[in-house]
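A.B. asks:
Numbering (our numbering), first residue to last: 827 to 1707.
See below:
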């Protein structure tokens, strides 16, 4: 059916709903197909608005009130600008001259009901001119909507009269409106963490996104009475380049939003992971080497909003001076021959400073670091900086004056992360360090890497800077002490700046980054010793976290091996601080008390090993004898006899005495002795000695040994919504076993904060584990964890720990319900015993290490057994994604 026939039916059918829906659907499908074929999104956005104009005007004109000169249908807000995406809100104002006449009531109700029947996301209000003015005076959001209006049907003079009032001081002064919109923007940015780099950004509301562009337009319209953003150039507010950045940025964001709403089939503005891959494919982004098309799309997004954020700074600062500073005297403080502070903003004394003294491009940021009272860079100087950024070339990067200034910046006590972020924002840092420029806006499409590489790096630097704060001293006590012992903080900052700089290039980013940081150090004239230290830190920045999280750090041989990789105590101090700042800046969920305790334990044991000398390994037998002797003294003080003690210890292998403190061993032994011959499982739960709100919870289970005990226990713990971060099953020559689990609740807290829950957990474990006949049902019971959106094949690898005569099995797989219980089930089917486990959940990804033996307690030496175990694990885990 052609357009004219549909329009005729809307005007003449008894009910226009069917024809109107057909017309809207036809145009929707045509616009969607045109978009997929690469049509201009601006034309499509305005075309959809035009389609709605046609439908609404035809329906409006069916009613008798349409002939009146005292009522009109007005589009407001985004629709008032003539911009509609596939599922945008459609905001309407039914505007009357002085109120609703009685004979309109019934028809107006029918009109509004009909709009609902069209199943459009329509918001409407019915107001007179005076009522609209009163509402605008009380609510800045209503005022903003009324700055952008179009008459769809009815006389246009009503809208003209209202607009004349809305743009006057009778509703809101220019100053009050600017202050209100600036505060509104601050609150919105705070909602999104004051960063352009959200994992799932909102293309409408996030910093640098569409709402910021719209805010500029609203303030401009209120200030000048303009009708569209393009008119900004008439007042020389924007340069030609700035206008291009604004329009190109808006067009890019419009394409994202248009495609996103087609995929989601609703008014969706969040770039959720569910939609990112499909959107990237729709927009034509293809994988390039190891970089996914979706990562390339997101990098384009982040770089676009970063440029728009810079532009927003310039424009809002212009209005700050033009509106708030009008008529007031400037407060000017000279800094040197090139720069001064004007009203708390640094500015160049003239726009040619950077031309005749290019090193001033670096100097301005050093001055900002040295003068914390500076709020930012003045708009005119930002423009000058942008105009001269091309001067940052190889000669600039090698200029002694420039390199000296950058090192001075790193050595200046201040919020270094803020200064470096400003350098990044104004595209100076990425030009000065081209290797850093490559990672700006670069993300990895998973939930572990929650920030882009550059945003993560800035957070690492921020963590380093704030280690001296009272908050950090409480959260990172050891790192906060060590930061004062580091000989040169700038070496730490350099390592932080470069530790991930080679990501995305292919190859080992640690090795490639070490090469890059060496070049940086040489160019900046660091000593050979400092260069080697920075390079070692970058190359080994994952060493400590991987050792703590994947290896058995209670094993003296592991500590000895790690200590041999650390050249000195100074290297250890730097590495520990870098590791803490790195992990806590990767994902807020990654840093918890358990990881803190692992790193702290590794640091302390390595420090002892370094004092002893890395060439002097620990004598395992001597370690065991010393541990037993100290624990025995504690037990004797509790009136425990040697016969009772030996009756327990003789059934345990020596690994048990390598893993815990003597206090823990004494506590467990005493509890077992007191438990006596009670047939029920012994379940002990306690938190770390730091207090109920600090640390983690340890669950000890002493009971009859069974090969399926691990699978049943982990299933129960997961069903109780407990996150298992470590597991250890001590081998026993007798009928009993001691199992130890380190757990946190779903909020990453120990159970001590909820004593009643601790009791419930203890009783549930006793009830579930007391009858082995129930284990098969427990193991197959579904746990309530939420599945993640990311799937990838399970990886299982094996290696042998010849020193401890056991096999190391590493499992990398997506997180899902009952994961550990399923691993335990497969181990059970293959008659494989678990002696220890290192559990690491990283976002949606788990990287667990299991230390296993055959049923006789020996390492698994048959490759066929390993292959069969690998196949069954992969099949079991991948079938449950």
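We put the CB at the ideal spot given by N, CA and C, even for glycine.
1) Across the region 999-1017 and the region 1098-1112, are there enough close Cβ pairs to call them in contact, namely three or more that are closer than 8 Å?
2) Exposed or buried, residue 1058, counting other C-beta atoms within 10 Å across all chains shown (16 or more means buried)?
3) Only counting the same chain, and skipping five residues up and downstream in sequence, which positions put a Cβ closer than 8 Å to that of residue 837?
4) With DSSP as the reference, label residue 1612 as helix, strand or coil.
5) So the candidates are 1647, 1634, 1621; which of them puts its Cα closest to the Cα of residue 1640?
6) Please classify residue 1182 as buried or exposed, where buried requires at least 16 neighbouring CB atoms within 10 angstroms.
7) Could you name the residues that DSSP lists as bridge partners for residue 1627?
8) Between residue 1691 and residue 1634, which are expected to be in contact by the criterion C-beta below 8 Å, what is the C-beta distance as a whole number of angstroms?
9) Going by C-alpha distance, which of 989, 1595, 1547 is nearest residue 1574?
10) Could you name the residues of the same chain whose beta carbon sits closer than 6 Å to that of residue 921, not counting the 5 residues immediately before and after it, in chain order?
11) Could you tell me the alpha carbon to alpha carbon distance between residue 1518 and residue 1232, rounded to whole angstroms?
12) Taking 7 Å as the threshold (C-beta atoms), are residue 1167 and residue 1159 in contact?
13) Might you give, ordered along the chain, the residues of its own chain that have their beta carbon closer than 7 Å to the beta carbon of residue 1241, omitting 5 neighbours on each side?
14) From which residue to which residue does the alpha helix (DSSP H) around residue 987 run?
15) Rounded to the nearest angstrom, what separates residue 1609 and residue 1664 at their Cα positions?
16) With H, G and I counted as helix, E and B as strand and the rest as coil, what does DSSP make of residue 1565?
17) How far does the beta strand (DSSP E) with residue 1512 in it reach, from first residue to last?
18) Throw me the rounded Cβ distance for the residue 1416 and residue 1267 pair, which I believe falls under 8 Å.
19) Taking 6 Å as the line, does the beta carbon of residue 1380 fall inside it for any heavy atom of the ligand ZN?
20) Taking DSSP's pairing of strands, which residues face residue 1308 in a bridge?
21) Give the DSSP-derived three-state secondary structure of residue 1618 in the structure shown.
22) Whole angstroms is fine: what's the gap from residue 1083's alpha carbon to residue 1436's?
23) Just the Cα atoms here: how many angstroms apart are residue 1176 and residue 1394?
24) Among residues of its own chain, excluding the 5 on either side of residue 1077, which ones have a beta-carbon nearer than 8 Å to its beta-carbon?
25) With distances taken between CB atoms, is the gap from residue 1580 to residue 1568 smaller than 7 Å?
26) Of the choices 1323, 1357, 1391, whose alpha-carbon is the least far from that of residue 1411?
27) In the DSSP output, what is residue 1570 paired with across the bridge?
28) Can you list, in chain order, the residues of its chain whose CB lies under 7 Å from that of residue 1145, leaving out five sequence neighbours each side?
29) Using the DSSP secondary-structure output, state which residues sit across from residue 1171 in a beta bridge.
30) Beta carbon of residue 1540, beta carbon of residue 1650: below 7 Å?
31) So, under 8 Å CB-CB, residue 1431 and residue 1379 are touching, yes? Tell me the CB distance rounded to an integer number of Å.
32) Closer than 7 Å by C-beta to residue 1612: which residues in its own chain qualify, once you throw out the five before and the five after it? Chain order, please.
33) Which residue or residues does DSSP assign as beta-bridge partners of residue 949?
34) Nearest-angstrom Cα distance between residue 1254 and residue 1407?
35) Can you give, in chain order, each stretch of the beta strand (DSSP E) that sits fully within the region 1643-1667 and has at least 3 residues?
36) Report yes if the C-beta distance between residue 1247 and residue 1284 is below 7 Å; otherwise report no.
C.D. replies: Taking the geometry as given:
1) no
2) With a pLDDT of 48 at residue 1058, under the threshold of 50, the predicted position of this residue should be treated as unreliable, though the coordinate-derived value follows. Under this definition residue 1058 is a buried residue.
3) 884, 887, 888
4) In this prediction, residue 1612 scores a pLDDT of 38, lower than 50, which makes its location untrustworthy; no coordinate-derived value is stated.
5) 1621
6) exposed
7) 1632
8) At roughly 15 Å, the Cβ-Cβ gap does not stay under 8 Å, so residue 1691 and residue 1634 are not in contact.
9) 1547
10) 898, 900, 984
11) With a pLDDT of 37 at residue 1518, under the threshold of 50, the modelled position of this residue cannot be trusted; read the value that follows with caution. Their backbone Cα atoms lie some 46 Å apart in a straight line.
12) yes
13) 1291
14) 983-992
15) Unreliable positioning characterises residue 1609 in this predicted model, as indicated by a pLDDT of 43, which lies under 50. A coordinate reading is not provided.
16) strand
17) 1508-1513
18) Contact doesn't hold; Cβ gap of about 22 Å is too wide.
19) For the ligand ZN, the structure offers nothing, since it holds no ligand at all.
20) DSSP lists no partner for residue 1308.
21) coil
22) 57 Å
23) 51 Å
24) 867, 868
25) no
26) 1323
27) 1549
28) 1004, 1045, 1049
29) 1168, 1202
30) yes
31) 7 Å
32) Its pLDDT being 38, under 50, residue 1612 is placed unreliably in this model, and the value from its coordinates should be taken loosely. Result list for residue 1612: empty, nothing under 7 Å.
33) 917
34) 25 Å
35) 1659-1664
36) yes
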